[in-house]
Amino acid sequence: MQIRDAFISPPFHNFILVIFSILYADSRELDQAEGMYERALQAKEKALGAD
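With UniProt numbering, you'll find the sequence shown wraps up at 51, consecutive numbering, no jumps.
See below:
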């Protein structure tokens, strides 16, 4: 997914990661969902700082 990340503009990057994580969770692919949520959290912390 790293190659695709370069083509997605930053404001939409987290939104897309969260949408994918919800889709994975709904399809019971919880390991995939957790990975997407973690990536979204890391991107948020990088942009806004850790809370």
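Just so you know, even glycine gets a beta-carbon here, dropped at the ideal spot from N, CA and C.
Nearest-angstrom Cα separation, counted from residue j out to residue i
{"i": "Lys46", "j": "Asp26", "result": "27 Å"}
{"i": "Phe24", "j": "Ala50", "result": "First, the residue type needs correcting, since residue 24 is Tyr and not Phe in the sequence shown. About 25 Å."}
{"i": "Ile3", "j": "Leu17", "result": "Because Ile3 sits at a pLDDT of 48, beneath the cut-off of 50, its placement in the model cannot be relied upon, and the following sentence gives the value as read from the coordinates. Going from the Cα of Ile3 to the Cα of Leu17 covers about 14 Å."}
Backbone secondary structure at residue i - three-state DSSP
{"i": "Ser21", "result": "helix"}
{"i": "Ile3", "result": "Low per-residue confidence applies at Ile3: pLDDT is 48, beneath 50, and the placement is therefore not dependable enough to give any value."}
Continuous alpha helix (DSSP H) stretch holding residue i: start and end
{"i": "Glu34", "result": "30-48"}
Pair within 8 Å by beta-carbon distance, residue i and residue j
{"i": "Asn14", "j": "Ala33", "result": "no"}
Beta-carbon contacts of residue i that lie in its chain and below 6 Å, excluding the five residues immediately before and after
{"i": "Ser21", "result": "Ala33, Met36, Tyr37"}
Cβ neighbours of residue i in the same chain (closer than 7 Å, five flanking residues each side left out)
{"i": "Ile19", "result": "none"}
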